[in-house]
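K.L.:
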Amino acid sequence: MIGERHWRRLALGFALCAALIWLFPYAWMLLTSLKTSQELLKAPTALPAALRFSAYTEVFRVIPVGRYVGLTTLMALSIAVLQIAIALPAAYALAKLNFRLRGAAFACLMSALLLPAELRFVPIFTLFSALGLVNTLPALVLPFALSAFGTFLLRQALLSVPDSLIEAARLDGASELRIVYRLLPPILAPSLVAFFLVSFVHHWNDYFWPLVMTVDDRVRTLPLGIALLREQGSGVRWHIVMAGNTLLSLPALALFGFAQKHLLRGLGSGVG
Amino acid sequence: MLAVLGVFFVYPLLSALCTSFYDWDLLTPPRFVGFDNYRAVVASGELLASLGTTLLVSGVVVLGSLLLGLALALAVHRPGPLAALARSAVFSAYVVSWVSVGLLFLWIFDADAGVVNRALGAVGIGPVKWLTSTSVAPFTVALIVIWKVTGYAMVVFLSGLSSIPPELQEAAALDGAGPISRLLHVTLPLLRPTAAFVAVTSLIASFQLFDVVRLLTQGGPVRSTTVLVYAIYEQLFRDLRVGRASALVVVFFLVLALLTWLKLRAFRAEAAA
Numbered sequence: 006m007i008g009e010r011h012w013r014r015l016a017l018g019f020a021l022c023a024a025l026i027w028l029f030p031y032a033w034m035l036l037t038s039l040k041t042s043q044e045l046l047k048a049p050t051a052l053p054a055a056l057r058f059s060a061y062t063e064v065f066r067v068i069p070v071g072r073y074v075g076l077t078t079l080m081a082l083s084i085a086v087l088q089i090a091i092a093l094p095a096a097y098a099l100a101k102l103n104f105r106l107r108g109a110a111f112a113c114l115m116s117a118l119l120l121p122a123e124l125r126f127v128p129i130f131t132l133f134s135a136l137g138l139v140n141t142l143p144a145l146v147l148p149f150a151l152s153a154f155g156t157f158l159l160r161q162a163l164l165s166v167p168d169s170l171i172e173a174a175r176l177d178g179a180s181e182l183r184i185v186y187r188l189l190p191p192i193l194a195p196s197l198v199a200f201f202l203v204s205f206v207h208h209w210n211d212y213f214w215p216l217v218m219t220v221d222d223r224v225r226t227l228p229l230g231i232a233l234l235r236e237q238g239s240g241v242r243w244h245i246v247m248a249g250n251t252l253l254s255l256p257a258l259a260l261f262g263f264a265q266k267h268l269l270r271g272l273g274s275g276v277g
Numbered sequence: 012m013l014a015v016l017g018v019f020f021v022y023p024l025l026s027a028l029c030t031s032f033y034d035w036d037l038l039t040p041p042r043f044v045g046f047d048n049y050r051a052v053v054a055s056g057e058l059l060a061s062l063g064t065t066l067l068v069s070g071v072v073v074l075g076s077l078l079l080g081l082a083l084a085l086a087v088h089r090p091g092p093l094a095a096l097a098r099s100a101v102f103s104a105y106v107v108s109w110v111s112v113g114l115l116f117l118w119i120f121d122a123d124a125g126v127v128n129r130a131l132g133a134v135g136i137g138p139v140k141w142l143t144s145t146s147v148a149p150f151t152v153a154l155i156v157i158w159k160v161t162g163y164a165m166v167v168f169l170s171g172l173s174s175i176p177p178e179l180q181e182a183a184a185l186d187g188a189g190p191i192s193r194l195l196h197v198t199l200p201l202l203r204p205t206a207a208f209v210a211v212t213s214l215i216a217s218f219q220l221f222d223v224v225r226l227l228t229q230g231g232p233v234r235s236t237t238v239l240v241y242a243i244y245e246q247l248f249r250d251l252r253v254g255r256a257s258a259l260v261v262v263f264f265l266v267l268a269l270l271t272w273l274k275l276r277a278f279r280a281e282a283a284a
């Protein structure tokens, strides 16, 4: 079967090309970040002469990287935790409780998926500016408290949890609250982990919402801070921007490396 | 739960609908103007232009990521370290932030010092105005978006491929079907619902493009990359026209509703397959 072997080679060659095309930009970012401004000016595409981390010290000098990282992590963590805390009981009600209008409630929730942040920000911005909430952490967190995607994901997972398990807990005298927050989480662990990671990465990376809801450094997040690096100083100092960019993309890439399987399960579930 | 749904989902929509009938700059009291905002965005050509740009960029992105995602999925749907490396590399772009990707390609496609133009210059081509020519910039933006999102299409196609029972392929092979005819007559027809799902999902996602435009081109040159969300953003934060921004939001909502209806149909078809 010579044909089959040729196809295999062709496929692997294609895969190799793809890997190169997708890995090259990261390599270029890293290489550029190790250059000096003289090197960059004279030969922007040459390899750096030595390993110099001066661009990184410059990034730490011009922007408060630690503060940005702390704030971004706090924001993404708050959103993910809040989303799970609300999605768990909602998913439980939609999957396991029988009440009138359950179908309507589910349809309502799913239509919330229709309204991405880009569509909701105008009224929320005017509302928050009337309440004096613009440029605060709640303005970054609260609008995302409800995740229709998370609720849907957990509901799907709950559908395969046998009712008898919940009945047994009830007979043991467990309250509904206890069922939702104590009994279910260990059972739903794979879905919870997947959703937590997807949500955390998504909001850690988010640019749009922090951009429209912040006006100064007080609650600025890392992606915003790094994007602003480009607008500082005279001319674009690409080695510094790329050093900042390396700092920005490393955590996401590292998390991806460690938790690829979970992330894929979260994203592959169809609704994302 | 209901409160959150009300405040952050229902209220914004209704409020946008209301505000779209007012002239409001956030500073002075709103003034009722009827359908004037809608008339203005249509008459100025802004609505059609931004919808057209959104459609152009989205069209290229959907087509590109669909075909590339499918080809990649077919190529890497096998064991072995090289296929695994390619899978991870391609999908990693989906996990990295838009800011990272935007800055990265701003540098790579830099007209003078960027590595692409330097490489092309070395073989006597260019310099290509990747981001500063009205006819090239929308495609450069689309290309970068394709780089970012193809990993998602690939992953969905991979899961589609794994759900095809291997016996089907084996049976076709026993009947004497070669690799190409198995691809055309067994694999591709079975992947059709998956493809529809990927297409609609990425269409909806690319209608919401903003970050990459804001970072790379700020809607330019000469508004050639002003997609819908960027137009809304400009109306609000540059021109302080809340009414017109809201009118665009209402139109945007109607378009998304239509696309989502398509998506639900695709989703059902995929679930049924």
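Chain order of the listed sequences is A and B. Count the first sequence with our numbering and you get residues 6 to 277, in order. Count the second sequence with our numbering and you get residues 12 to 284, in order. Note that beta-carbon positions come from the ideal geometry of N, C-alpha and C, so glycine has one too. Bear in mind that the values here come from a model prediction, so they are computed numbers and not experimental data.
Does the CB of residue 129 of chain B have a neighbour CB from chain A at under 7 Å?
P.N.:
yes
K.L.:
So within the region 63-136 of chain B, which uninterrupted beta strand (DSSP E) runs reach at least 3 residues, ignoring any that extend past its ends?
P.N.:
none
K.L.:
With distance defined between alpha-carbon atoms, name the residue in A:160, A:76, A:255 nearest to residue 110 of chain A.
P.N.:
Measuring C-alpha to C-alpha distances from residue 110 of chain A to each of A:160, A:76, A:255 identifies A:160 as the nearest.
K.L.:
For residue 265 of chain B, count the other beta carbons within 10 Å of its own beta carbon; 16 or more makes it buried, fewer makes it exposed. Which is it?
P.N.:
The residue is exposed, with fewer than 16 neighbouring Cβ atoms inside 10 Å.
K.L.:
Answer with yes or no whether the minimum CB distance from residue 258 of chain B to chain A is below 7 Å.
P.N.:
no
K.L.:
Whose Cβ in chain B lies nearer than 7 Å to the Cβ of residue 12 of chain A?
P.N.:
190
K.L.:
Nearest by alpha-carbon distance to residue 80 of chain B: which of B:19, B:26, B:99, B:167 is it?
P.N.:
B:167
K.L.:
Below 7 Å between beta carbons is the criterion; list the residues of the region 251-269 of chain A that meet it against any residue of chain B, in chain order.
P.N.:
253, 254, 257, 258, 261, 265, 268, 269
K.L.:
By how many angstroms is the C-alpha of residue 180 of chain B removed from the C-alpha of residue 269 of chain B?
P.N.:
37 Å
K.L.:
Does the separation of the CB atoms of residue 148 of chain B and residue 235 of chain B fall below 7 Å?
P.N.:
The Cβ atoms of residue 148 of chain B and residue 235 of chain B lie closer than 7 Å to each other.
K.L.:
With DSSP as the reference, label residue 57 of chain A as helix, strand or coil.
P.N.:
coil
K.L.:
Helix, strand or coil for residue 200 of chain A, going by three-state DSSP, please let me know.
P.N.:
helix
K.L.:
From what residue to what residue does the alpha helix (DSSP H) around residue 148 of chain A run?
P.N.:
Counting along the chain, residue 148 of chain A falls outside any alpha helix (DSSP H), and DSSP gives it neither H nor E.
K.L.:
What does DSSP give as the partner residues of residue 33 of chain B in its beta bridges?
P.N.:
B:43
K.L.:
By the 10 Å Cβ neighbour count, where 16 or more other Cβ atoms means buried, how is residue 103 of chain B classified, buried or exposed?
P.N.:
Around the beta carbon of residue 103 of chain B, 16 or more other beta carbons lie within 10 angstroms, which makes this residue buried.
K.L.:
Just list the beta strand (DSSP E) runs in the region 39-124 of chain A, keeping only unbroken ones of 3 residues or longer that don't cross its boundaries, in chain order.
P.N.:
none
K.L.:
What are the residues of the region 193-227 of chain B that lie near chain A, defined by any Cβ-Cβ distance shorter than 7 Å?
P.N.:
219, 221, 222, 226
K.L.:
Using a Cβ-Cβ distance under 7 Å, would residue 81 of chain A count as near chain B?
P.N.:
No, residue 81 of chain A lies away from the interface with chain B (no Cβ there is under 7 Å from its Cβ).
K.L.:
Does DSSP put residue 249 of chain B in a helix, in a strand, or in coil?
P.N.:
coil
K.L.:
What separation, rounded to the nearest whole angstrom, lies between the Cα atoms of residue 223 of chain B and residue 67 of chain B?
P.N.:
15 Å
K.L.:
Would you mind telling me which residues of chain B sit closer than 8 Å to residue 8 of chain A, beta carbon to beta carbon, in chain order?
P.N.:
The CB of residue 8 of chain A comes closer than 8 Å to the CB of 189, 190 in chain B, given here in chain order.
K.L.:
Which same chain residues, not among the five before or five after residue 213 of chain A, have their C-beta less than 7 Å away from its C-beta?
P.N.:
122, 123
K.L.:
When the Cα atoms are used, what is the spatial distance from residue 107 of chain B to residue 42 of chain B?
P.N.:
44 Å
K.L.:
Contact defined as beta carbons within less than 8 Å: I believe residue 63 of chain A pairs with residue 54 of chain A. What is the distance between those atoms, to the nearest angstrom?
P.N.:
Wrong, their Cβ atoms sit about 18 Å apart, outside the cutoff.
K.L.:
Check residue 167 of chain A in the structure and name its three-state DSSP category.
P.N.:
coil
K.L.:
Can you look up residue 172 of chain A in the DSSP assignment and give me helix, strand or coil?
P.N.:
helix
K.L.:
Have a look at residue 205 of chain B and residue 242 of chain A and give me their C-alpha separation to the nearest angstrom.
P.N.:
Rounded to the nearest angstrom, the two C-alpha atoms are 44 Å apart.
K.L.:
Quick one, are the C-beta atoms of residue 90 of chain A and residue 156 of chain A less than 7 Å apart?
P.N.:
no
K.L.:
Against chain A, which members of the region 233-253 of chain B pass a CB distance test of less than 8 Å?
P.N.:
240, 243, 244, 247, 248, 253
K.L.:
What separation, rounded to the nearest whole angstrom, lies between the Cα atoms of residue 61 of chain B and residue 194 of chain A?
P.N.:
43 Å
K.L.:
Specify whether the region 147-161 of chain B and the region 111-124 of chain B touch according to this definition: at least 3 beta carbon pairs, one from each stretch, less than 8 Å apart.
P.N.:
yes
K.L.:
Just the Cα atoms here: how many angstroms apart are residue 227 of chain A and residue 252 of chain A?
P.N.:
Rounded to the nearest angstrom, the two C-alpha atoms are 9 Å apart.
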